Amino acid sequence: MAFSYQGSHTPKLPDGELDRDSHRSRFLSEPEKILVDNPAKTRQSYRVLDSVTTQAGWHDQAIEAVLQQLEVDVQSGLTDQEAQRRLAQYGPNALEGDKRAPIWVIFLLQFFNLIIGLLMLAATASIALQEYVEGLAIIAIVTLNAVIATMQENRAGNALEALAKMSSPQCIVVRNGRQVQIASDALVPGDIVMLTTGDIVPADIRLITSSDCKVNEMILTGESEDVYKKFDANMSTSTKLTSDNMVFASTSIACGNATGVVVETAMGTRVGSIAALLRDKKSAEGGNCCSRFLDKYQTKMTPLQEALHHLGVFMGSAVLIICAIVFIVGMVRGNHDPKNADRPVWLTMVMVAVSLAVSAVPEGLPMVVTICLSTGTSDMVKKNVLVRKLAAVESLGAASVICTDKTGTLTEGKMTAIKVWGDFCECMVSGTGFDPTGDFLLNGIKQTPENNTQLHTMLLSAVLCSNTTLQQEKNDDGMLVWTPMGNASEAPLVVAAAKMGIWEADLSPQYPRLTEIPFNSSRKMMITLNQVSNGRLGNLVLPQGVTYVANVKGAPNYILKNCQQYVRKAGDIVDLSNKNRAAILEAVDELSSQALRVLAIAINPLTNLTFAIDSDDIDDKFAQLCTPLIFVGLVASIDPPRHGVKESIKIARAASIRTMMITGDYLKTAVAIAKSIDLLSVGADVDEEAVDCTILRPRGDEYLTDHDLDEITSRTSVFARAKPEDKIEIVKSLQRQGHVAAMTGDGVNDAPALKEADIGVAMGISGTEVAKSASDMILTDDNFCSIVAAVEKGRVIYTNIQKFVCFLLSTNFGEISIIFIAIAVGMPNPLEPLQILVLNLFADGMAAVALSLEKGDPKAMSERPRPKTQQIIHGRLWVLVMTNAFLIGAGALIVFSAGLYWNFQNVLMDDILGSAKTVEDYKSVRCYHWQGVKDHWKTFGNCDALSSTARAFSQYCRVG
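For the sequence shown, the residue numbers in the UniProt record's numbering are 1 to 960.
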């Protein structure tokens with residue numbers, strides 16, 4: 001049996017159809033995104049590098065010479081010790097992407113905030129007026145907020161790196177003479193690697209064998225057409241951009257399979273060289289360092305950031321207007337500062353304006369928001385959601401639509417055979433997951449090789465026609481678990497066969513594989529040719545003289561076209577009538593309507609071959625091997641829904657959140673899954689609520705008008721046969737309708753949709769690094785239930801933010817009102833800037849922190865999502881804020897007036913100064929200090945408001 005390589009995730013596809021877009025690259029770092037987005041630049045850069053990267057001459061040497069130069073044997077591969085030595089010599093097989101933002105950059109980015117800007121302006125004004133204590137206090141508060149936010153985002157970055165290591169892509173190699181699965185970054189030159197349809201090439205590899213192998217090299221050449229690869233091609237005189245006997249890192253296997261030896265890894269690969277060249281060119285391009293800095297780290301604003309920005313604009317405008325009015329009033333009245341008699345009136349009023357500015361800006365707001373979001377981030381980690389951007393914590397709470405993948409998100413991502421069909425009878429298969437423990441029951445009777453030859457033959461043939469094996473490996477908890485090694489779509493076949501006692505390792509010596517025709521999207525089937533020696537295939541007696549058997553698996557309708565006979569339960573081979581054929585197709589439709597993926601198994605016994613086994617002419621082989629076929633049976637598999645998904649969709653629906661499934665599966669399968677999880681009701685109008693995405697683009701790649709798209713997306717819950725580009729159009733349509741859309745994704749080509757969405761959610765286990773880097777948050781368990789739990793937490797966080805913003809604005813506007821009224825009517829300034837800072841940060845800030853940590857309303861998920869354009873404070877909340885501010889300001893002003901009257905028998909500044917006595921009148925007076933104002937002396941130190949909650953004012957001077 002041929003070996004096979006398989007990446008960490010292969011999504012379920014209809015009838016084995018390859019979804020190449022979702023597998024474009026699992027190895028792309030930041031520099032490689034340039035290659036995906038700019039194919040023309042890629043092709044130009046490749047030509048520049050061509051003379052450099054071909055100097056090693058791997059492509060124009062005989063494979064024997066290459067293997068000798070790399071000191072490796074094809075059958076045994078490298079030893080573990082030699083692999084470790086080469087890993088130390090060459091380093092990990094990973095591209096050098098852009099480095100993670102240093103901590104000082106994260107720190108500086110915290111200051112790019114309008115409210116922070118207002119605070120820094122107030123601090124600058126205070127320092128300019130030599131009020132150093134107030135200015136430095138504001139700077140200290142802002143710095144503390146930046147430190148807290150930096151620590152949280154840095155912690156998220158560390159968690160992301162740990163997640164990347166946990167979800168490192170895997171590949172299958174030969175080590176110590178056996179097939180093993182290793183992390184792709186552990187590959188070294190000389191490793192023997194197995195590749196099959198759908199795989200991403202993990203390094204630059206010289207082919208040793210190949211079978212109908214085609215590779216998509218768009219990432220390198222910019223050409224979308226697949227390139228045919230042949231292990232024995234000689235490229236010494238070719239002018240092609242890539243060699244036909246080599247496959248290159250980050251390209252994808254479009255069809256077929258191959259075995260090869262690693263010749264270059266990491267930055268030594270072709271894509272690594274291009275990435276290095278483009279990165280160097282990018283760093284040398286024009287533009288000042290500041291603009292490059294901002295472009296590099298600038299991201300889209302979340303709904304919370306937009307709301308805070310609008311609040312900052314409002315507050316900034318209000319501050320300017322109020323300060324201007326107070327300044328003009330004070331200048332007209334000629335207000336003096338009794339503590340600084342020599343200070344000009346205009347300077348006195350500037351200081352009052354600074355006090356107003358400090359009052360208007362809630363100094364504790366940025367810090368409390370950061371603490372609230374940081375706490376929410378920690379809580380979300382417990383719900384398997386890793387937040388990459390702090391402000392995105394609450395954004396998910398605004399989501400009105402969740403667009404989700406099916407495979408691995410709504411389902412477990414573990415294809416399991418639950419039914420087999422043959423000789424017009426249906427058998428149930430027990431067992432779950434990949435554990436090869438279970439039975440086959442026909443009408444309650446256990447089926448065995450002895451009492452059901454057809455079933456045994458079907459499973460045996462399925463294993464012979466597979467490149468997947470079943471092995472036991474230790475999981476993260478150290479427990480041994482069964483794991484399929486190879487193509488995930490073949491996993492249910494080998495697991496079902498193992499339940500019948502059929503193992504690949506036992507079959508290989510008995511039925512040697514001679515050749516293989518891999519699956520592709522046009523043939524819709526895979527064929528292997530095996531040799532038989534005793535005229536039997538398991539318990540099935542083959543026609544006399546048969547020495548070969550072609551084993552076929554694939555789409556039922558394609559295989560049935562070529563079937564002329566079928567196998568009965570007892571092992572008889574009889575003719576297949578049109579009535580029988582129709583009954584089989586009817587069974588296929590019935591199984592498909594149950595959300596089952598159906599594969600047909602057939603055989604073709606042969607006495608001789610009309611082609612050379614080592615021939616590369618696939619069409620010639622296919623012509624003889626695929627007809628006439630003997631139908632053996634059907635295997636029906638399901639990717640079971642995740643536990644809790646149905647309940648999560650119900651919770652989302654109660655919260656007025658639409659759940660939309662966007663999948664590459666066929667419509668019938670998608671609808672069946674949607675009904676099984678209550679995404680669609682049993683009596684739903686499928687024509688209205690489920691569509692095939694081909695109707696979105698009736699003229700090839702040209703989409704419908706915006707109006708028509710909006711009409712479809714407004715009513716549809718299931719989108720089948722979707723491409724990554726369809727996701728972008730769906731998101732844009734939802735946004736035009738005013739929705740806040742959350743989008744899940746895992747592939748490289750999902751990255752644009754993740755960026756386009758209001759909240760991009762990447763898969764932590766199956767997601768590519770490109771998808772993760774484009775997302776706002778990552779599901780560490782790839783589970784839809786985690787999204788709904790995060791939505792609820794986001795709503796609680798936003799509600800808490802509203803609470804403490806209302807509280808802070810109430811107290812701040814109370815401070816503004818008392819200062820404004822006092823100055824307007826001619827009273828002394830009741831609050832100094834430093835006193836306001838103490839009030840805002842400690843008296844108000846600590847209470848706000850308590851409000852931010854409330855558990856929230858248990859009915860949070862019974863309300864509608866907030867409108868996308870809704871501000872943090874709106875409608876009745878403004879009434880509440882202004883009412884509280886009026887009460888606070890009125891109470892404080894009454895107490896302040898009482899304190900003034902108690903001490904000076906007056907409340908207005910002019911009256912207080914007019915009643916002051918000279919020093920000769922009070923020679924025996926002991927006061928803290930005297931202040932001179934014009935020709936008068938007064939006993940006036942300070943009337944200090946201790947709080948805006950109407951506490952009494954202190955009396956500084958007493959006559960002794």
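Beta carbons are placed, not taken as given, at the ideal position from N, Cα and C, and that holds for glycine.
Fair warning: this is a prediction, and the values are worked out from it, not measured in the lab.
Check whether the Cβ atoms of residue i and residue j lie closer than 8 Å to each other.
i: residue 261; j: residue 208; result: yes
i: residue 441; j: residue 425; result: no
i: residue 961; j: residue 639; result: Any answer about residue 961 is impossible in this case: the structure gives the chain only from 1 up to 960.
i: residue 562; j: residue 628; result: yes
i: residue 881; j: residue 810; result: yes
i: residue 352; j: residue 823; result: yes
i: residue 253; j: residue 196; result: yes
i: residue 722; j: residue 402; result: no
i: residue 688; j: residue 658; result: no
i: residue 526; j: residue 559; result: no
i: residue 409; j: residue 665; result: no
i: residue 78; j: residue 204; result: no
i: residue 373; j: residue 797; result: yes
Rounded to a whole number of angstroms, what is the C-alpha to C-alpha distance between residue i and residue j?
i: residue 462; j: residue 565; result: 18 Å
i: residue 396; j: residue 662; result: 19 Å
i: residue 585; j: residue 556; result: 8 Å
i: residue 645; j: residue 787; result: 10 Å
i: residue 376; j: residue 150; result: 15 Å
i: residue 962; j: residue 713; result: No answer is possible for residue 962: it lies beyond the span of the chain, which begins at 1 and ends at 960.
i: residue 775; j: residue 501; result: 45 Å
i: residue 319; j: residue 753; result: 40 Å
i: residue 44; j: residue 101; result: Confidence at residue 44 is low in this model, with a pLDDT of 40, below 50, so its placement is unreliable and the value that follows should be read with caution. Using only the alpha carbons, I get a separation of about 30 Å.
i: residue 704; j: residue 725; result: 13 Å
i: residue 177; j: residue 695; result: 51 Å
i: residue 388; j: residue 680; result: 32 Å
i: residue 130; j: residue 144; result: 23 Å
i: residue 512; j: residue 532; result: 8 Å
i: residue 507; j: residue 499; result: 15 Å
i: residue 884; j: residue 309; result: 23 Å
i: residue 779; j: residue 660; result: 18 Å
i: residue 763; j: residue 475; result: 19 Å
i: residue 418; j: residue 430; result: 7 Å
i: residue 935; j: residue 902; result: Unreliable placement is indicated for residue 935, whose pLDDT of 40 sits below 50; no coordinate value is reported for it.
i: residue 978; j: residue 398; result: A question about residue 978 goes unanswered here, because the residues of the chain that appear run from 1 up to 960.
i: residue 698; j: residue 649; result: 31 Å
Decide if residue i is buried, meaning its Cβ has at least 16 other Cβ atoms within 10 Å, or exposed.
i: residue 608; result: exposed
i: residue 194; result: buried
i: residue 84; result: exposed
i: residue 655; result: buried
i: residue 71; result: exposed
i: residue 123; result: buried
Could you pull the DSSP bridge partners for residue i from this structure?
i: residue 572; result: Answer is none; residue 572 lacks a bridge partner.
i: residue 582; result: Note: residue 582 sits in no beta bridge, so no partner.
i: residue 323; result: The partner list for residue 323 (beta bridge, DSSP) is empty, contrary to what the question assumes.
i: residue 453; result: None, per the DSSP bridge assignment.
i: residue 170; result: 183
i: residue 515; result: 529
i: residue 604; result: 550
i: residue 425; result: 422
i: residue 741; result: 401
i: residue 484; result: 470
i: residue 204; result: 264
i: residue 702; result: 699
i: residue 214; result: 228, 255
i: residue 565; result: 575, 630
Runs of alpha helix (DSSP H) lying entirely within the stretch 744 to 783, each at least 4 residues, in chain order:
751 to 756, 769 to 774
What residue ranges within the stretch 620 to 693 form continuous beta strand (DSSP E) runs of no fewer than 3 residues, ordered along the chain?
629 to 638, 658 to 662, 690 to 692
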